[in-house]
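Structure first, then comments.
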Amino acid sequence: MYRVDLNSDLGESFGNYTIGMDEEILKYVSSANVACGWHAGDAMVMEKTVALAKEFGTAVGAHPGFPDLVGFGRRNMAVTPEEAKAYVRYQLGALMAFCTAHGVKIQHVKPHGALYNMAAVDEKLAIAMCEAVYEVDQDIIFMGLAGSKMITAAEKVGLRAASEVFADRAYNDDGTLVSRKLPGAVIKDKDLAIKRVIRMVKEGKVESINGNDIAIKADSICVHGDNPKALEFVKNIRETLIAEGVEIRNLSL
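According to my numbering, the residues represented by the sequence shown are 19 to 271, in order.
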């Protein structure tokens, strides 16, 4: 039996600005990565997102990013491991307050954007972030890019690691994600994306942007919920996985 988690980055609206279709997406994913107020989200949005996730039975994870609302957390910042550790701990604590109030346990932590990509290749940064989680709750799962420094760091620190793959992103030969600044970085053909997902789950392989097969482990699939076709995309991926004999379940089960 094949099984995999479906996750989506949610709770990224703030103030009068609305992004994504959280309430609809939550019906189809098994885990939600909830923005913690720095790259996106705010107190009211965090409150609503946690409540909705509980209603739909979707597992909740913290999605900490850089304090860069204007850049949506996608711009690299020069930070020390100590700073990154404090950033993660601060945002995890913020979401934990809402989860506690709603009787929801935080399942995982998945860094966002530039913080995610930097930690994927910087072991010191990744270890500091994993330590931030471990020292708060050793049972929280650390989700990171499959095959990256985040996965090895989590294991070294003593956290359970979840290897994440992306349905709509292209990969370099070394397993890192192709920069969004480059053509072909985002896969817009949903049929192609679904074929790649099935292969990642069943064969443990994905074709890089250069046409080479690379090994990859898929514990969780990220499906982005912030584009006009997101809902259709998520539904199709879920339906196809189930039809292929793949069980959709969150990381805690």
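Beta carbons: idealized from backbone N, C-alpha and C, even for Gly. Owing to the predicted nature of the structure, the values given are computational and were not obtained by experimental measurement.
Residue 221 - DSSP class collapsed to helix/strand/coil: helix
Are there 16 or more other CB atoms within 10 angstroms of the CB of residue 128, so buried, or fewer, so exposed? buried
Assuming residue 149 and residue 175 make a contact with CB atoms under 8 Å, what is their CB distance in whole Å? 6 Å
Outcome for residue 30 when other beta-carbon atoms lying within 10 angstroms are tallied against a minimum of 16: buried
Supposed contact pair residue 46 and residue 252 - C-beta distance, whole angstroms, cut 8 Å: 5 Å
Among residues of its own chain, excluding the 5 on either side of residue 119, which ones have a beta-carbon nearer than 6 Å to its beta-carbon? none
Touching or not, the region 183-191 and the region 225-244, by the rule of three or more beta carbon pairs under 8 Å? yes
Look up residue 226 in the DSSP assignment and give the residues it is bridged to. DSSP, once it has assigned bridges, lists no residue as partnering residue 226.
Nearest-angstrom Cα distance between residue 84 and residue 91? 5 Å
Inter-residue spacing [alpha-carbon to alpha-carbon] between residue 196 and residue 115: 35 Å
Tell me, to the nearest whole angstrom, how far the beta carbon of residue 171 is from that of residue 144; I am working on the premise that it is less than 8 Å. 4 Å
Could you tell me how far apart the beta carbons of residue 239 and residue 204 are, in whole angstroms, since I believe they sit closer than 8 Å? 15 Å between Cβ atoms; not a contact.
Selection from 94, 133 and 254 that minimises the alpha carbon distance to residue 109: 133
Which full runs of the alpha helix (DSSP H) of 4+ residues lie inside the region 156-216, going along the chain? 167-175
Write down the C-beta distance between residue 222 and residue 213 rounded to the nearest angstrom, noting that I regard them as a contact closer than 8 Å. Contact doesn't hold; Cβ gap of about 15 Å is too wide.
What does a CB cutoff of less than 6 Å around residue 72 pick up in its chain, not counting 5 residues either side in sequence? 120 and 122
Of the choices 155, 180, 156 and 158, whose alpha-carbon is the least far from that of residue 167? 180
What residue range does the beta strand (DSSP E) around residue 80 cover? 77-81
Any contact of the region 74-84 with the region 43-59, i.e. 3+ C-beta pairs under 8 Å? yes
Nearest residue (CA-CA) to residue 64, options 117, 25, 96 and 74: 117
CA-to-CA distance, residue 86 to residue 58, given in whole angstroms: 8 Å
With the cut-off set at 8 Å, would you say residue 43 and residue 248 are in Cβ contact? yes
First through last residue of the alpha helix (DSSP H) which encompasses residue 40: 40-43
Proximal residues to residue 270 (C-beta, below 7 Å), its chain only, five neighbours per side dropped: 77 and 125
C-beta neighbour in chain C for residue 233, strict 8 Å: Here there is only one protein chain, and chain C is not present.
Tell me the rounded alpha-carbon separation between residue 217 and residue 224. 7 Å
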